[in-house]
Amino acid sequence: SPAPEFHATFAAGKILRHALVAELGGEPDVQARCACDICDAHVEHSEVLRGMRRSRFCAIASSNAQSSRRLTEAVLSGCIPVFFGAPWHALPLAQHVDWGAMALFLQVEDDRAWVDHASPRWERNALSLKVWALDPAARPLVQKVPTLRDALSLLRNVSDERLRGMQRSLDAQKFKFYYPALPHWAPPLPRSQRLDAILADA
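Next up, the structure:
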């Protein structure tokens with residue numbers, strides 16, 4: 004995690020991820036750690052996916068970019084996405100997926116650990132809250148919690164009935180996150196045509 008004086012020049016989402024691990028990683032019912040492909044604490048991708056499949060909820064936060072593969076991996080693993088913000092992770096297929104039925108959106112009001120409101124440089128940061136905003140359709144779904152600890156309490160108190168309903172919705176909608184691969188004999192398509200083909204199947 005960068006020193007506080009440099010927060011304004013970094014992606015707040017990455018610092019939010021670090022804050023999640025620092026605050027909640029020691030809880031007995033939470034699996035959270037910071038690891039990367041090139042660091043000593045590297046976790047194999049297969050191990051990450053196994054952890055997702057064993058979990059009820061998966062934290063979704065932006066990082067150096069507004070989107071990440073973790074959201075799709077969580078959905079396909081049957082792990083209920085829990086979006087933490089702001090800044091917010093992007094919502095793929097927002098017009099086709101009923102996010103309110105299969106995900107939670109938690110706005111942590113005490114965001115001082117990852118948002119430098121006092122710095123004038125923050126206003127000029129392209130990775131700020133103004134840019135990485137939540138999709139308008141999802142804004143009514145946001146639940147405010149004072150701190151990350153309160154977010155954990157909220158998740159622990161989700162009723163079994165609601166949990167089962169979200170899991171059913173997740174299972175019913177996860178096919179939207181698959182796209183068919185081209186046959187091995189098919190000629191490669193230009194990038195724009197590949198994207199059009201994926202969207203047509205969504």
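So the number in our numbering is just where the residue sits in the sequence shown, counting from 1, plus 3.
Just so it is clear, CB atoms sit at the ideal spot from N, CA and C, and this is done for glycine as well.
Only a predicted model underlies this, so the values are computations on that prediction, with no experimental measurement involved.
Item                                                                                                                      : Value
Pair within 7 Å by beta-carbon distance, Q176 and V51                                                                     : no
Sub-7 Å separation of V148 and L109 beta-carbons                                                                          : yes
Beta-ladder partner(s) of P84, from DSSP                                                                                  : C61
Simplified DSSP state of R176, which is helix, strand or coil                                                             : Checking the displayed sequence, the identity of residue 176 turns out to be Gln instead of Arg. Q176: helix per DSSP, three-state reduction.
Opposing strand residues paired with V145 [DSSP bridges]                                                                  : F108
Check whether S65 and W135 have beta carbons under 7 Å apart                                                              : yes
Beta-carbon contacts of A35 that lie in its chain and below 8 Å, excluding the five residues immediately before and after : L23, V24, L27, G28 and A62
Cβ neighbour criterion (16 or more within 10 Å) applied to H207                                                           : Nothing can be reported for residue 207: it is not among the residues displayed for the chain, which extend from 4 to 205.
Of the listed residues L137, R165, R73 and A154, nearest to H48 (C-alpha basis)                                           : R73
Inter-residue Cα distance where the pair is A89 and A154                                                                  : 14 Å
Integer-rounded CB distance, given that D113 should sit under 8 Å from T75                                                : Contact flag wrong, Cβ pair sits at about 29 Å.
T75, enclosing alpha helix (DSSP H) - first and last residue                                                              : R72 to L79
Distance, P143 Cα to R53 Cα                                                                                               : 32 Å
Three-way DSSP call (helix, strand, coil) for K17 in this model                                                           : helix
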